[in-house]
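Colleague: This is the structure, below, for whatever I ask next.
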Amino acid sequence: MSDTHALFVRALLMLTMIAISINVNNFFRNIKFHYISETAVHILVGFIVAMLWTAIEYDTTNSDIQLSSNFFYMVLLPPIIFEGGFTLQKISFFKNLLTIVSLAFAGALYSTFVTSVIMYYLSKLVSPWTLIESLVFGSLISSTDPVTVLSLLPSNVDKRLYMIIFGESALNDAVSIILYRFFTSLEDPTMRLGAGPFFVSVFASAGVFLGSVCVGIAMALIFALLTKHLVVDHERPLFETVMLIVFAYCSYLIADIIQLTGIISVFFCGVAMAHYAHNNLSHTTHRTMKYLLRTLSFICECFIFLYLGMGLLSFGDSTTYSFVFILFAIFAILVSRSHVFIVMYISNCFARTPEDIIPFNHQLLIWFSALRGAVAFALGVTFLENQNFSTEIKGIIFGTTVIVIVFTVLVMGGLTPYALVWLGI
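Next up, the structure:
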């Protein structure tokens, strides 16, 4: 089968699955069935298609239904992150910025460390992991994706609660990626890691974050100046829309090219564009971008979770599922979320008014909302391609990662409606 033919087959398959998933989700909404989230439907559809694909043996290597890490980072991720920044409720975000940054950065570091320590010592009961392998797993599984929880929150939910959950996820992905790259860059997976290199990675994360923010804001300011001073008499909305997308994508690419992180860059590029260029854009452009960005983001999210469902089977012999390691990992990620209560306690100590205090039921939902998703899956796929680790450990870590993601989305996501009632939210 030629490469072109395989590409057409893959495209047709993915578009068909998106159509099926959308219609299934619409059916569930019509009958007011809220106990299976949209994300869960995508995963289940992907899994069913993978079973059928494997059974008919059309593609013996399953290469047509495997997610490429390059495709994820270059095509699927940027629209999702940019849309989140461009449509951000800025007042609520910056009002809670300190809490969000603490959860995202200190929380990701804490979660990585706690998860790694737990997996390092518990693995000794079965098949010992090295400290590097434990840290790699801890870093990639610490990326959160609360899309399911956010989609189930009632429309009148507290804006601060919504923004804290969203903001933590939007920013902690970058920390997870930075830490993952650092730990996998240690070529010898059996070497001992001292405290020095770990703390170097912490400071490097802060520097990369600030640099990425600067790149994103700089691109947004250039775009704002361009749209303010450049006279366009013919098809201005088209010009503005195209230039907005070009500048946003360039902010992502430039950040990655100079060894920063495109996620943070394109997110803050979206935030800055919405703020500084808002009055420069025509009404038509505003309406166009609102629906265009949401459409692109939605399609990319569908792709990712469909690939995740297929990923349960599509990587074949490259994947190893260990029930014991999966239990260890679920226990580890639940314990590692304890940083939520620490950060919230400190935040409440500095609350100026009683209204600024974050109640305990909100803290519990923030702890509960730490579903794993797109970035964790993509890092798992990237890890499979890494040549510095043994095939055995790559298979176990990838298999464990996929099942943990599916568990958090299906089980914890499915329990969210009950949790909302129980917590009185």
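FYI, this note's numbering numbers position 309 of the sequence shown as 541, with every residue one higher than the one before it.
Even for Gly, the Cβ is constructed at its ideal location relative to N, Cα and C.
Small disclaimer: the values here were computed from a predicted structure and weren't measured.
1. Apart from the five residues on each side of it in sequence, which residues of its chain come closer than 7 Å, Cβ to Cβ, to Ala282?
2. Are Ser550 and Leu611 closer than 8 Å when you measure CB to CB?
3. Determine the direct distance from the alpha carbon of Glu270 to that of Ile252, and round the result to whole angstroms.
4. If you measure from the CB of Asn512, is any heavy atom of the ligand ATP nearer than 7 Å?
5. For the alpha helix (DSSP H) containing Tyr412, list its first residue and its last residue.
6. Hey, how far is the Cα of Gly317 from the Cα of Tyr353?
7. Going by DSSP, what residue range makes up the alpha helix (DSSP H) through Gly612?
8. Distance check for Cys501 and Thr520, CA to CA, integer angstroms please.
9. Let me check understanding here. Comparing Cα to Cα, which of Leu566, Ala509, His571 and Leu492 lies closest to Ile454?
10. Suppose the cutoff is 6 Å on Cβ atoms and the five residues either side in sequence are ignored; what does the same chain contact list for Ile495 look like?
11. Report the option in Thr517, Thr632, Ser622 and Ile637 whose CA atom is closest to the CA atom of Ile477.
12. Excluding the five sequence neighbours on either side, which residues of its own chain have a C-beta within less than 7 Å of the C-beta of Leu614, listed in chain order?
13. For Ala336, which residues of its own chain have a beta-carbon under 6 Å away from its beta-carbon, when the five flanking residues on both sides are left out?
14. Got a sec, what are the start and stop residues for the alpha helix (DSSP H) Ile657 sits in?
15. Is there a Cβ of chain B sitting closer than 8 Å to that of Glu315, yes or no?
16. Straight-line CA distance for Gly443 to Leu492?
17. Please go through the same chain and pick out, in chain order, the residues whose beta-carbon is closer than 7 Å to the beta-carbon of Ser324, but skip the five residues on each side of it.
18. Compare the Cα-Cα distances from Ala583 to each of Leu458, Val636 and Leu330 and report the closest residue.
19. Is Ala460 buried or exposed, if buried means 16 or more other CB atoms sit within 10 Å of its CB?
20. Between which two residues does the alpha helix (DSSP H) carrying Val277 extend?
21. Where are the alpha helix (DSSP H) runs, 4 residues long or more, that stay fully inside the stretch 288 to 354, in chain order?
22. Between the stretch 242 to 257 and the stretch 522 to 541, are three or more C-beta pairs nearer than 8 Å?
23. With H, G and I counted as helix, E and B as strand and the rest as coil, what does DSSP make of Thr473?
24. How is the alpha helix (DSSP H) around Leu642 delimited, first residue to last?
25. Taking the C-alpha atoms as reference points, what is the distance between His466 and Leu245?
26. Beta-carbon within less than 6 Å of Val333's beta-carbon, same chain only, minus the 5 sequence neighbours each way: which residues are those?
27. What's the C-alpha gap between Glu624 and Ile590?
28. Three-state secondary structure (DSSP) at Thr376?
29. Which value, in whole angstroms, describes the spacing of the CA atoms of Glu365 and Leu559?
30. Short of 7 Å in beta carbon distance, which residues of its chain neighbour Ser514, apart from the five on each side in sequence? Order them along the chain.
31. Quick check on this structure: which residue in Ile531, Leu367 and Gly448 has the alpha carbon closest to the alpha carbon of Leu308?
32. Taking all protein chains shown into account, decide if Pro311 is buried (16 or more other Cβ within 10 angstroms of its Cβ) or exposed.
Modeller: On the basis of the supplied data:
1. In the sequence shown, the residue the question calls residue 282 occupies position 50. Closer than 7 Å at Cβ, skipping near neighbours: Ile297, Gly541, Met542, Leu544, Leu545 and Ser546.
2. For the purposes of this step, residue 550 is taken as the residue at position 318 of the sequence shown. For the purposes of this step, residue 611 is taken as the residue at position 379 of the sequence shown. In this structure, Ser550 sits away from Leu611, with a CB-CB distance that is not shorter than 8 Å.
3. On the sequence shown, position 20 is the one that residue 252 refers to. On the sequence shown, position 38 is the one that residue 270 refers to. For Ile252 and Glu270, the gap between their C-alpha atoms comes out near 12 Å.
4. Of ligands this structure carries none, so the ligand ATP is not represented either.
5. For this step, residue 412 is matched to residue 180 along the sequence shown. Element bounds for Tyr412: Lys391 to Thr416.
6. For the purposes of this step, residue 317 is identified with residue 85 of the sequence shown, where counting begins at 1. For the purposes of this step, residue 353 is identified with residue 121 of the sequence shown, where counting begins at 1. Their Cα atoms are separated by approximately 39 Å.
7. As a working mapping, residue 612 is identified with position 380 in the sequence shown. Annotation: the continuous alpha helix (DSSP H) that includes Gly612 extends over Ala606 to Leu616.
8. Translated into the one-based positions of the sequence shown, residue 520 becomes position 288. Translated into the one-based positions of the sequence shown, residue 501 becomes position 269. The C-alpha of Thr520 lies about 18 Å from the C-alpha of Cys501.
9. As a position in the sequence shown, residue 454 is number 222, starting the count at 1. Minimum Cα distance to Ile454 is reached at Ala509.
10. Position 263 of the sequence shown, counted from the first residue, corresponds to residue 495. Cβ within range, chain order: Ile313, Asp405 and Ala406.
11. One-based indexing of the sequence shown puts residue 477 at position 245. When only C-alpha atoms are compared, the closest one is Thr517.
12. Within the sequence shown, residue 614 is the residue found at index 382, counting from 1. Per the sequence shown, the amino acid found at residue 614 is Thr instead of Leu. Counting only Cβ-Cβ distances below 7 Å, and skipping sequence neighbours, we find Ser301.
13. Taking the sequence shown and counting its residues from 1, the one referred to as residue 336 is at position 104. Excluding residues up to 5 positions away in sequence, Glu400, Leu403 and Asn404 lie with their Cβ nearer than 6 Å to the Cβ of Ala336 in the same chain.
14. Counting from one through the sequence shown, the residue named residue 657 turns up at place 425. No alpha helix (DSSP H) holds Ile657; DSSP gives it neither H nor E.
15. The structure shown has no chain B; it contains just one protein chain.
16. On the sequence shown, position 211 is the one that residue 443 refers to. On the sequence shown, position 260 is the one that residue 492 refers to. If you draw a straight line from the Cα of Gly443 to the Cα of Leu492, it is about 7 Å long.
17. Working through the sequence shown from its first residue, we reach residue 324 at position 92. Around Ser324: Lys391, Arg392 and Met395.
18. Along the sequence shown, one-based indexing puts residue 583 at 351. Nearest option by C-alpha distance: Leu330.
19. The residue you call residue 460 lines up with position 228 of the sequence shown. Position check: residue 460 holds Lys in this sequence, whereas Ala was assumed. Classification of Lys460: exposed, given that the 10 Å Cβ count is below 16.
20. Along the sequence shown, read from residue 1 onward, the residue named residue 277 stands at position 45. Looking at the DSSP string, the run of the alpha helix (DSSP H) that includes Val277 is Glu270 to Ile288.
21. Qualifying alpha helix (DSSP H) stretches, in chain order: 309 to 318, 322 to 327, 329 to 333 and 339 to 354.
22. Yes, the stretch 242 to 257 is in contact with the stretch 522 to 541.
23. Within the sequence shown, residue 473 is the residue found at index 241, counting from 1. For Thr473, the secondary structure class from DSSP, reduced to helix, strand or coil, is helix.
24. What you label residue 642 is simply residue 410 of the sequence shown in a count that begins at 1. Neither: Leu642 is in no alpha helix (DSSP H) and is coded neither H nor E.
25. As a position in the sequence shown, residue 466 is number 234, starting the count at 1. As a position in the sequence shown, residue 245 is number 13, starting the count at 1. A straight-line Cα-Cα distance of about 39 Å links His466 and Leu245.
26. Taking the first residue of the sequence shown as position 1, residue 333 is located at position 101. Within the same chain, and ignoring the five residues on either side of Val333 in sequence, no residue has its Cβ closer than 6 Å to its Cβ.
27. Along the sequence shown, one-based indexing puts residue 624 at 392. Along the sequence shown, one-based indexing puts residue 590 at 358. Between Glu624 and Ile590, the C-alpha separation is close to 44 Å.
28. Residue 376 sits at position 144 when you count from the first residue of the sequence shown. Of the three classes helix, strand and coil, the one that applies to Thr376 here is strand, per DSSP.
29. For the purposes of this step, residue 365 is taken as residue 133 along the sequence shown, with counting starting at 1. For the purposes of this step, residue 559 is taken as residue 327 along the sequence shown, with counting starting at 1. Their backbone Cα atoms lie some 17 Å apart in a straight line.
30. By one-based count along the sequence shown, residue 514 stands at place 282. Excluding positions up to five away in sequence, the list reads Arg468, Pro469 and Glu472.
31. Indexing the sequence shown from 1 puts residue 308 at position 76. Of the candidates Ile531, Leu367 and Gly448, the one whose C-alpha sits nearest the C-alpha of Leu308 is Ile531.
32. Here the question's residue 311 lines up with position 79 in the sequence shown. Label assigned to Pro311: buried.
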